[in-house]
Structures are given as C-alpha cells and as structure tokens.
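Shown next, in structure tokens, is the structure this report addresses.
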Amino acid sequence: MIKLLPIVVTMLLYSETLFADGKSFFPDFSVNAGVKLGYQWSKKSSFIWGVEVSAVYNNRVNCIYGIVLDMDKGDFGSKVHIGAQASILYGGAEIGPTFFTFRDGKKETGWGISIFSGLLLYPNYTFSFTNTDVTIHELDLLIKYPAFQYFKTY
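In this note's numbering, the protein residues as written are 4 to 157.
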C-alpha cells in the first residue's frame, strides 16, 4: 500500500482528467472564502482576526493565480489588503497595496507581501510597510474553503 502512495499523489497532482466524467481534481476557477486568527508585531502589536476572499484560476500546469481581498481587525485598528497571488502545489505568495486605519484615526497606505502554505488550513506570514516607514510582521492561521468552483469538462 505504501508503495502506491507516490503514484496516487502524482495522479492527483498531474492528471488532466482524473474522474470518469472528464473533470479534473482541481477546479479551473474558484472563489474561496476564509477566516483567520493571528498576531502582528510592530509598534502597535496585537492579536488580529479577519476574513479573506480570493478568486483564482488554475492554468493546468499546477500554477494557480488570481486576486485576493483581505480585511483584518485588531487592537491596532484595521487594514484592507488587495493583492495578486500565485501558488504552485501547496505553497504560494501574494503582494499588493494595503490600507491601514489605526486606532488613533490615522490612515496610511503601504504594501503587503505574504507567503503561505497548506490546503484548507494555511499558515501565513505577512510583511507590511507603510509610506511613513511603519513595518508590521504578521503571523496567522487561515482556514479557507471554496465557496464556488467551476470545472471544465474535457
């Protein structure tokens, strides 16, 4: 049984038409929604919680890419991140503009860069910086599930 595991994993990852009805194991397009809990380190360190929605396309060469909208809240205030993401197999990265609203009412813009890995449960590290040189390190755990999937039939 153990000897068959590499063959089964290879079939799951590389098969164009895994199922008898002509559908692949991975959807061609999906909208994914999730919730997260984490902690951020900066001058305004705090626990954070938030939601994330992404729309991704699978190009059938094990590369998935798309857009993401991420909204977080914590003792520091709140942030909204809009980014482009790409992943290969079960790991990936994301980059895009981030809009901060701090507790004192101050609003700033900046950029966020994230790396993640997983399937349904994603450990995630994000490095953000603002135009006024505020840097933020964030570590969180994201639970994400497909809300909509589209499969092509071949």
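For glycine and all other residues, C-beta sits at the position ideal for the given N, C-alpha and C.
Reduced DSSP secondary structure (H/G/I, E/B, other) of residue i
i      : result
THR135 : coil
SER117 : strand
SER81  : strand
ASP107 : coil
SER33  : strand
SER90  : strand
PHE130 : strand
LYS147 : strand
LEU124 : strand
For residue j and residue i, believed in contact at Cβ under 8 Å, the rounded distance
i      : j      : result
GLY115 : THR129 : 6 Å
ALA58  : ILE70  : 6 Å
LEU144 : GLY41  : 6 Å
Residues near residue i in its chain [Cβ-Cβ closer than 7 Å; skip 5 each side]
i      : result
SER117 : ALA96, GLU97, ASN127, TYR128, THR129
Terminal residues of the beta strand (DSSP E) in which residue i lies
i     : result
LEU72 : 66-77
ASN53 : Per the sequence presented here, residue 53 reads as Gly, with Asn not at that position. 49-61 is the extent of the beta strand (DSSP E) around GLY53.
Other residues of its chain near residue i: CB distance less than 6 Å, five sequence neighbours each side excluded
i     : result
ASP73 : GLU55, HIS84
SER45 : ILE139
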